[in-house]
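J.: Structure provided below as structure tokens; questions to follow.
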Amino acid sequence: MRTIVALDNIGSNIEGLKEITQKTCSLVAGYKLGWPNFIGANPRDILNAVKASCQGKMIIADLKLADIFYTMKRVLDMFPEGLHSVIAHALIGTNGALLELKDYLEKRGINLILVASMSHPGSRDVIDKCYEDTLEIIKLIEPWGIVAPATRPRIITRLRKELGRDIVILSPGIGAQGARPGDALRAGADYEIIGRMITTSPDPAGILKEIVEEQATAVNSVKNE
Ligand code: BMP
């Protein structure tokens with residue numbers, strides 16, 4: 006299973022979260038929850054809602070942390086156990102930020118995911134200009150995973166080549182942002198993060214079955230190359 010469903014669209018609606026996770030559980034690798042889910046809610050209630058109807062899947066807290074370590078820790082201390090991973094920006098650098106964050110997360114048994122490049126066009130303005138520096142930070146911090154854009158698959162291929170097989174690449178930008186299911190996997194990603202294409206569908210399980218088929222076709226096309 007290669008899809009991680011971004012649940013932003015459901016917000017902090019507990020019944021809505023239970024419903025979508027129950028409908029999609031058997032077809033996904035995990036769920037990504039972000040600020041639209043956590044603000045105005047107790048993070049514990051949000052995590053419990055997902056776990057109530059779907060167990061054993063990755064739960065990623067997409068907090069896009071980008072601060073001094075002290076403040077990032079204050080935020081993370083509000084989250085209960087049970088997160089698979091947390092997303093932070095790579096561009097905040099090592100000392101006073103990512104080195105300490107990695108250490109803190111390791112002690113709590115939570116994986117770190119760093120943003121390498123983003124899926125929107127504005128990623129080119131600053132983030133992508135810092136590609137080489139970001140790569141150095143990623144090599145130094147050795148996170149569990151990185152985020153790279155399905156909308157620009159060449160970046161995924163480049164990162165995979167430069168970072169090797171040991172890092173997990175998660176890729177958003179599919180559906181609402183224009184890329185097709187399978188585009189990122191074909192380029193070397195491990196998981197595709199998909200939100201609105203699934204969460205706004207009247208038949209989330211039906212659309213996911215189609216996504217799984219498209220992904221399988223893409224993966225097979227690479228194997229047969
Ligand atoms: P959607 O498939 O609805 O566009 O959702 C994509 C999800 O991935 C959103 O949660 C968004 O915040 C996140 N995301 C992104 O779109 N581009 C990035 O570069 C990094 C992200 O985390």
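Counting with the numbering used here, you get residues 6 to 230 for the letters of the sequence shown. For each residue, glycine too, the CB sits at the ideal point set by N, CA and C. Model, not experiment: these values are computed from the prediction.
#1: In three-state DSSP terms, what is PRO48?
#2: For my contact list, LEU175 and GLY200 are in at a C-beta cut-off of 8 angstroms; report their separation, rounded to the angstrom.
#3: When the Cα atoms are used, what is the spatial distance from SER31 to ILE44?
#4: Could you name the residues that DSSP lists as bridge partners for ILE92?
#5: Count Cβ pairs between the region 173-193 and the region 219-226 that sit closer than 8 angstroms; are there 3 or more?
#6: Where DSSP assigns a beta bridge to TYR75, which residues make up the other side?
#7: Quick one: using the 10 Å Cβ neighbour count with 16 as the cut-off for buried, is LEU145 buried or exposed?
#8: Mind checking who SER179 pairs with in its DSSP beta bridge?
#9: Cβ of LEU106 within 8 angstroms of Cβ of LEU117?
#10: Are LYS28 and ALA210 closer than 8 angstroms when you measure CB to CB?
#11: For chain D, is any of its Cβ atoms less than 8 angstroms away from the one on ALA57?
#12: Can you tell me whether SER206 sits near the ligand BMP, meaning its C-beta is under 7 angstroms from at least one heavy atom of the ligand?
#13: I need the DSSP call for MET6, collapsed to helix, strand or coil.
#14: Where does ILE132 fall in DSSP's three states?
#15: Just curious, the beta strand (DSSP E) that GLY39 is in, first and last residue?
#16: Candidates TYR36, GLU230 and TRP40: which alpha carbon is nearest GLU197's?
#17: Quick check on the DSSP output: the alpha helix (DSSP H) that includes ILE160 runs from which residue to which?
#18: Apply the 10 Å Cβ neighbour rule to ASP67 and answer buried if 16 or more other Cβ atoms are within range, or exposed otherwise.
T.: With the given structure in hand:
#1: For PRO48, the secondary structure class from DSSP, reduced to helix, strand or coil, is helix.
#2: Rounded, the Cβ-Cβ distance is 13 angstroms, inconsistent with contact.
#3: Between SER31 and ILE44, the C-alpha separation is close to 28 angstroms.
#4: Within the DSSP bridge table, the entry for ILE92 names ILE118 as partners.
#5: Yes, the region 173-193 is in contact with the region 219-226.
#6: Its beta-bridge partners do not exist; DSSP assigns none.
#7: LEU145 comes out exposed.
#8: Just to set this straight, residue 179 is Ile in the shown sequence, not Ser. Per DSSP, the beta-bridge partners of ILE179 are ALA184.
#9: Taking 8 angstroms as the Cβ cut-off, LEU106 and LEU117 qualify as a contacting pair.
#10: In contact: LYS28 and ALA210 (Cβ atoms closer than 8 angstroms).
#11: Absent from the structure: chain D. Only one protein chain is present.
#12: No, the beta carbon of SER206 sits no closer than 7 angstroms to any heavy atom of the ligand BMP.
#13: MET6: coil per DSSP, three-state reduction.
#14: In this structure, ILE132 counts as coil in the three-state DSSP scheme.
#15: Residues 35-39.
#16: Taking only the C-alpha atoms, the option nearest GLU197 is TYR36.
#17: Looking at the DSSP string, the run of the alpha helix (DSSP H) that includes ILE160 is 158-168.
#18: ASP67 should be labelled buried.
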